[in-house]
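Counting in UniProt numbering, the sequence shown tops out at residue 285, every number present. Shown next, in structure tokens, is the structure this report addresses.
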Amino acid sequence: MTTATDPLVSTEWLAAHINDANVKVLDASFKLPGVLPLPKDDYLAAHLPGAVFFDVDAVSDHSNPLPHMFPSAEQFGRDVGNLGISNADTVVIYDAGGWVAAPRAWWMFLSYGHANVRILNGGLKKWRAEGRTVETGEVKPQPATFKASYDSRRVRSMQQLIANVASHAEQVIDARAADRFEGRAPEPRPGIRSGHIPGARNVPYNLLFDAATGTMKPLEDLRAAFTGAGVKLDAPIVTSCGSGVSAGVLTLALYRLGITDTALYDGSWSEWGQAGGPPVATGPA
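Structure representation (structure tokens):
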């Protein structure tokens, strides 16, 4: 780890610690609806040794019609305990290397009171590129006890975001691609309007990592991506995206820059963009 606050660990670090009894590895790979093969099938075909699959859709509030919303603390604790994780464990999360859902899962762990959580820089992509061992099939962990406590300061609701449009108390940064943010491209989820939250800034999440290696870009590049989009790094920030997953990439990049007190809009555009929802802006930020 480069600094005390850097949530990333290297493939070298994980290779040295993957067999430690208190290190638990989670594969949190995720894709948009309809994209095949399913992430679980990718996991079964190849995953890091001992890694358990963290299903972003399963570890969510099933009473809410919106996709993969934060569950109750009780459910998160139960679901994570069933993945073999206790409060004493160091959790290392990775995804396929396209930086989608590992940061979301990382932020969930922080939001439910588990500070000892890291993300594998480069994910499965870098691990395999270095010729490291992978396994196939499902890992069935021994259930553990995980007690979760929810920190609501790390998450925002639509009501809070509606109030924020008037108050401008917090900057909203949208992680979606520019053509979706500006309303030029249709949304992948049916029935969702195009555009963005009025006043939001746009930092597409794929600008923050190197697609060739799967690693996150250097800190100065991360800083430039935000400041270039008009973000004030010394003022309050809420991250948003299509459904609250890739927003975590922005949250992670900001955290690496020492900005650890941001919040994530859980419902994101799949909530705000619904027919009859709050006002929508189009065009550049």
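A virtual CB, placed ideally from N, CA and C, is assigned to each residue, including glycine. None of these values were measured; they are calculated from a predicted model.
| query | result |
| --- | --- |
| Three Cβ pairs or more, each shorter than 8 Å: is that satisfied between the region 160-176 and the region 67-81? | no |
| Tell me the rounded alpha-carbon separation between R256 and V245. | 18 Å |
| Closest to A229 by CA distance: which of A105, N202 and S86 is it? | N202 |
| How big is the Cα-Cα spacing for L264 and D151? | 12 Å |
| Since D27 is in the beta strand (DSSP E), which residue starts that stretch and which ends it? | V23 to D27 |
| State yes or no: is the beta carbon of L48 nearer than 9 Å to at least one beta carbon in chain C? | No chain C is present in this structure, which holds just one protein chain. |
| Looking at the secondary structure, which residues open and close the beta strand (DSSP E) in which V249 lies? | Element bounds for V249: not the beta strand (DSSP E) but the alpha helix (DSSP H), A247 to R256. |
| Tell me which residue opens and which closes the alpha helix (DSSP H) that R223 is part of. | L219 to G228 |
| Since P143 contacts G84 with CB under 8 Å, what's their CB separation in whole angstroms? | 6 Å |
| Looking only at C-alpha atoms, which of H47, H62 and P67 sits nearest to W269? | P67 |
| Specify the secondary structure class of R180 as computed by DSSP and reduced to three states. | helix |
| Give me the residue from G273, A275, P278 and D234 with the minimum Cα distance to G258. | D234 |
| If you check the beta carbons only, do L252 and P103 fall under 9 Å apart? | yes |
| Going by other Cβ atoms of all chains shown within 10 Å of its Cβ, with 16 needed for buried, is K24 buried or exposed? | buried |
| Going by CA-CA distance only, name the one from G81, L38 and E271 that's closest to V59. | G81 |
| Going along the chain, which residues of its own chain have a beta-carbon closer than 6 Å to the beta-carbon of G183, five neighbours each way excluded? | S194, G195 and T282 |
| Should the region 167-179 be called in touch with the region 130-150, which here means at least 3 C-beta pairs below 8 Å? | no |
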